[in-house]
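K.L.:
Spelled out as structure tokens, the structure:
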């Protein structure tokens, strides 16, 4: 119940495409769902996050869609750029943010 | 200052060595974390400090010993490590249960045990 599933494992898109990464969870006690972006040799960086009382959140080219009834959430990257090539981790936590459970990650490659 | 600073960036140590990893933040965050990350895997939680007290130890072997000297500093003391302990060790911090709930990660220490 503590797991967060993430798909696909890897993703290749052309520049300007809209990659979509999906995550699913089981524990209904989770109340905070962030996405992290990690470049090789760097630590993960918080990209965008959502709480279950909203169905969508946009920040720049990044959008989280959240489906509480299906216990699923996804990351959309609009107008993707080669600089977006990185590993993306979804995560979930309860009690407002401590003890995150991370998904296994998606390696995104955006071709020029 | 919105960063978490980790030193050293790279560390090679023998199995009989004793070394320490250091982490520092000046954002006033009161929760600090150590994570271990193997290649192509997500970060795995090791320890959580909340208000300078160890609140979570995820069954980490005693060859890893955390220390939080003050609210800005976090150390990880290493002793008698095994080659399988080679990994990227990440420090992170967050405000406690209010405000911004995300983590700020450092860039990590790449540890190689030989």
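Protein chains in written order, with this note's numbering: chain A, 78 to 189; chain B, 10 to 123.
Quick reminder that beta carbons are idealized off the backbone N, C-alpha and C, glycines included.
All values derive from a computational prediction rather than experimental measurement.
Please confirm if residue 189/A has its CB atom under 8 angstroms from at least one CB of chain B.
P.N.:
Stepping through the first chain from its first residue, residue 189/A is reached at position 112. Residue 189/A does not count as touching chain B.
K.L.:
Cβ atoms of residue 154/A and residue 139/A: under 8 angstroms apart, would you say?
P.N.:
Residue mapping note: residue 139/A aligns to position 62 of the first chain, counting from 1. Residue mapping note: residue 154/A aligns to position 77 of the first chain, counting from 1. The answer is yes: Cβ separation under 8 angstroms.
K.L.:
Along the chain, where does the beta strand (DSSP E) that runs through residue 44/B open and close?
P.N.:
On the second chain, residue 44/B is found 35 positions in, with the first residue counted as 1. Taken as a continuous stretch (DSSP letters only), the beta strand (DSSP E) holding residue 44/B covers 40-46.
K.L.:
Pull up the distance between the alpha-carbon of residue 89/A and that of residue 116/A, whole angstroms please.
P.N.:
In the first chain, counting from the first residue as 1, residue 89/A sits at position 12. In the first chain, counting from the first residue as 1, residue 116/A sits at position 39. Using only the alpha carbons, I get a separation of about 16 angstroms.
K.L.:
Which residues, in chain order, does the stretch 66-93 of chain B contribute to contact with chain A at a C-beta distance below 8 angstroms?
P.N.:
Listed by position along the chain: nothing, the set is empty.
K.L.:
Could you compute how far the alpha carbon of residue 130/B sits from the alpha carbon of residue 41/B?
P.N.:
Because chain B in this structure spans residues 10 to 123, residue 130/B falls outside the shown range and cannot be described.
K.L.:
To the nearest angstrom, how far is the alpha carbon of residue 178/A from that of residue 123/B?
P.N.:
Taking the first residue of the first chain as 1, we reach residue 178/A at position 101. Taking the first residue of the second chain as 1, we reach residue 123/B at position 114. Their backbone Cα atoms lie some 30 angstroms apart in a straight line.
K.L.:
What did DSSP end up calling residue 93/B once you bin it into helix, strand or coil?
P.N.:
Against the second chain, residue 93/B aligns to sequence position 84. Residue 93/B: helix per DSSP, three-state reduction.
K.L.:
Please list the partners that residue 20/B has in chain A, where partner means a Cβ-to-Cβ separation under 7 angstroms.
P.N.:
As a working note, residue 20/B is residue 11 in the second chain. Near residue 20/B there are no residues of chain A at all, since even the closest Cβ is about 14 angstroms away, more than 7 angstroms.
K.L.:
Which residue marks the beginning of the beta strand (DSSP E) containing residue 35/B, and which one marks its end?
P.N.:
Here residue 35/B refers to the residue found at position 26 of the second chain. From DSSP, residue 35/B is part of no beta strand (DSSP E); its letter is neither H nor E.
K.L.:
When the Cα of residue 116/B is compared with those of 21/B, 34/B, 26/B and 28/B, which residue comes out closest?
P.N.:
Within the second chain, residue 116/B is the residue found at index 107, counting from 1. Ranking 21/B, 34/B, 26/B and 28/B by Cα distance to residue 116/B puts 34/B first.
K.L.:
Report yes or no: do the stretch 23-32 of chain B and the stretch 133-151 of chain A share at least 3 C-beta pairs separated by less than 8 angstroms?
P.N.:
Judged by Cβ distances under 8 angstroms, the stretch 23-32 of chain B makes no contact with the stretch 133-151 of chain A, as fewer than three pairs qualify.
K.L.:
Using the C-alpha atoms, what's the distance from residue 43/B back to residue 176/A?
P.N.:
For the purposes of this step, residue 176/A is taken as residue 99 along the first chain, with counting starting at 1. For the purposes of this step, residue 43/B is taken as residue 34 along the second chain, with counting starting at 1. Near 11 angstroms, if we compare the C-alpha coordinates of residue 43/B and residue 176/A.
K.L.:
Express the C-alpha separation of residue 81/B and residue 109/A in angstroms, rounding to a whole number.
P.N.:
Here residue 109/A refers to the residue found at position 32 when the first chain is read from its first residue. Here residue 81/B refers to the residue found at position 72 when the second chain is read from its first residue. Cα-Cα distance, rounded: 25 angstroms.
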